[in-house]
Amino acid sequence: SFRHSHSLIPRNLMPETSHFRGAPASNRNREDSWFKSLFVRKVDPRKDAHSHLLAKKEESNLYKIQFHNVKPECLDAYNKLCEDVLPSIHADKYYPCELVGTWNTWYGEQDQAVHLWRYRGGYPALTEVMNKLKNNKEFMEYRKERGKMLLSRRNQLLLEFSFWNEPLPRQGPNVYELRSYQLRPGTMIEWGNYWARAIRYRQHNREAVGGFFSQIGKLYMVHHLWAYKDLKSRESTRNAAWQHEGWNEVVYYTVPLIQHMDSRIMIPMKTSPLQ
Numbered sequence: 016s017f018r019h020s021h022s023l024i025p026r027n028l029m030p031e032t033s034h035f036r037g038a039p040a041s042n043r044n045r046e047d048s049w050f051k052s053l054f055v056r057k058v059d060p061r062k063d064a065h066s067h068l069l070a071k072k073e074e075s076n077l078y079k080i081q082f083h084n085v086k087p088e089c090l091d092a093y094n095k096l097c098e099d100v101l102p103s104i105h106a107d108k109y110y111p112c113e114l115v116g117t118w119n120t121w122y123g124e125q126d127q128a129v130h131l132w133r134y135r136g137g138y139p140a141l142t143e144v145m146n147k148l149k150n151n152k153e154f155m156e157y158r159k160e161r162g163k164m165l166l167s168r169r170n171q172l173l174l175e176f177s178f179w180n181e182p183l184p185r186q187g188p189n190v191y192e193l194r195s196y197q198l199r200p201g202t203m204i205e206w207g208n209y210w211a212r213a214i215r216y217r218q219h220n221r222e223a224v225g226g227f228f229s230q231i232g233k234l235y236m237v238h239h240l241w242a243y244k245d246l247k248s249r250e251s252t253r254n255a256a257w258q259h260e261g262w263n264e265v266v267y268y269t270v271p272l273i274q275h276m277d278s279r280i281m282i283p284m285k286t287s288p289l290q
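Each residue of the sequence shown is one higher than the last, beginning at 16 in the working numbering.
Below, the structure is given as structure tokens:
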């Protein structure tokens, strides 16, 4: 709930420019707040990392997101290879990991595959899976064949925001949007403060799938994963958010926190739990 999400973050870390309880008094106040947001604010000393304040406490889930840029002529063979191998790891309880979703990028970076894994148990589970897979001949052969098909690859380790849904399997057909934000260093708490309230404006069509922030890899990265029936549904759902009082405030005050943003429209592979 909104009240519960609000209480997740200490009151002394709330950004001074928050005006969610009502519109700013005047345009001048809005302009003053805008310019203040461009400068570094004084932050009270704290003893917890932002990951402790923003991540779910009842779960110790760690996520890994992988971006594979595939040689164009190899994309079909790559997809077939993934569909033959990855579901078996997902289904085998010997490995404490789950394949959350696997996609091809439709609009955005072309000839790209995106895989999202969940490790229940955090870093120990990740280490356990890595060590076990070294003795999995099928997986090692998969990696060897996969390497012949790739131009480049990168990954990140992520935690999930406490106020987002845990991504669960869903039936399709759907298209997925992965919106990735590179934040200014030091603004993750502020981002979390706004989105802990803003997420309620984006739940009406069950479009919110998951929200994550990076721990290893490119830092101060946020990923929001959304599901839509099609691109027209995406357009109407996003436009509808502007009809809710308070959504404009979210956009207004979070834009200055962003250094760079990117959007991918993705199509699930045949064996993806998120369809």
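Yeah, the Cβ is synthetic: ideal placement off N, Cα and C, and Gly gets one too.
Residues sharing a beta bridge with residue i, DSSP
{"i": "Q230", "result": "Beta-bridge pairing links Q230 to no other residue."}
{"i": "S278", "result": "R194"}
{"i": "W132", "result": "K79, L114"}
{"i": "V85", "result": "L165"}
{"i": "N119", "result": "A128, I282"}
Terminal residues of the alpha helix (DSSP H) in which residue i lies
{"i": "N94", "result": "90-106"}
{"i": "W262", "result": "262-269"}
First and last residue of the uninterrupted beta strand (DSSP E) at residue i
{"i": "K149", "result": "Unbroken run through K149: none, as it is neither H nor E."}
{"i": "T286", "result": "Segment: none, T286 is in no beta strand (DSSP E) and carries neither H nor E."}
{"i": "N170", "result": "165-175"}
{"i": "E181", "result": "E181 -> no beta strand (DSSP E), and no H or E assigned at all."}
Length of the line joining the Cα atoms of residue i and residue j
{"i": "D277", "j": "K159", "result": "30 Å"}
{"i": "G116", "j": "G261", "result": "32 Å"}
{"i": "L69", "j": "F176", "result": "6 Å"}
{"i": "C97", "j": "S229", "result": "25 Å"}
{"i": "I104", "j": "P271", "result": "41 Å"}
{"i": "K247", "j": "Q218", "result": "17 Å"}
{"i": "K233", "j": "H259", "result": "33 Å"}
{"i": "S41", "j": "Y216", "result": "Because S41 sits at a pLDDT of 47, beneath the cut-off of 50, its placement in the model cannot be relied upon, and the following sentence gives the value as read from the coordinates. Spanning the two alpha carbons is a distance of roughly 24 Å."}
Whether residue i touches residue j by CB criterion (9 Å)
{"i": "Y78", "j": "V85", "result": "no"}
{"i": "I214", "j": "W132", "result": "no"}
{"i": "Y268", "j": "Y191", "result": "no"}
{"i": "F82", "j": "E113", "result": "no"}
{"i": "E181", "j": "N76", "result": "yes"}
{"i": "Q197", "j": "I273", "result": "yes"}
{"i": "P288", "j": "W118", "result": "no"}
Complete alpha helix (DSSP H) runs within the region 196-247 (minimum length 4 residues, chain order): If we require 4 residues or more, the alpha helix (DSSP H) runs fully inside the region 196-247 come out as 203-213.
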